[in-house]
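Residue numbers (mature numbering (1 follows the signal peptide of the UniProt record, and there is no 0)): -25 to -1, 1 to 103. Beta carbons: idealized from backbone N, C-alpha and C, even for Gly. Okay, structure first, notes after.
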C-alpha cells in the first residue's frame, strides 16, 4: 500500500488549522492605560464605563450626544482632573468623616430648597 505524502499531511494541516482558529477565538481584549496621572493611571475600562454613564445621562435628558471622539476626550479630561484632585487631597491630609459628608449634603440640599432625598435624586438624574 502506497500512501502519498499529501495524504499524511492533510490531517496534520487540518489539526493545525483547528488549533490556530481556536487560539484566535480565545484572544480577549486586555485593559490598557489611557492616561498616567502623577502616581496613578486611568484605564481604558474606566474611560469606557464613564463614557457609557454619560451617554445614558445625556440620552435620558433627550439631548444630542456629541460624537464619540469628542465625548471620550471630555470624559478622559474629567477623569484626569478627578484623579488629580483626589491625589492632592490625600497629600494634603484632607480627610472627611461620613458625618461631615452627610452634614455638607444636607446643607447643600437646604440651600437649594430640597430635602436630602430630592437632592440625591437630582444628582442621580444629572449623572453625578
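For residue j and residue i, believed in contact at Cβ under 8 Å, the rounded distance
i: residue 51; j: residue 10; result: 6 Å
i: residue 109; j: residue 40; result: This structure leaves residue 109 out entirely; the chain is present only between -25 and 103.
i: residue 89; j: residue 79; result: Going by Cβ atoms, the distance from residue 89 to residue 79 rounds to 14 Å, so no, they are not a contact pair.
Residue range of the alpha helix (DSSP H) that includes residue i
i: residue 40; result: Premise fails: residue 40 is in no alpha helix (DSSP H) and is neither H nor E.
i: residue 93; result: 91 to 100
i: residue 82; result: 73 to 86
Coil, strand or helix - residue i by DSSP
i: residue 11; result: strand
Residue i versus the options, residue with shortest Cα-Cα distance
i: residue 53; options: 70, 30, 22; result: 22
i: residue 100; options: 24, 35, 3, 77; result: 35
i: residue 74; options: 82, 4, 68; result: 82
i: residue 24; options: 37, 6, 12; result: 6
**OP:** Could you tell me whether the stretch 49 to 67 touches the stretch 11 to 24, using the rule of 3 or more Cβ pairs below 8 Å?
**Re:** yes
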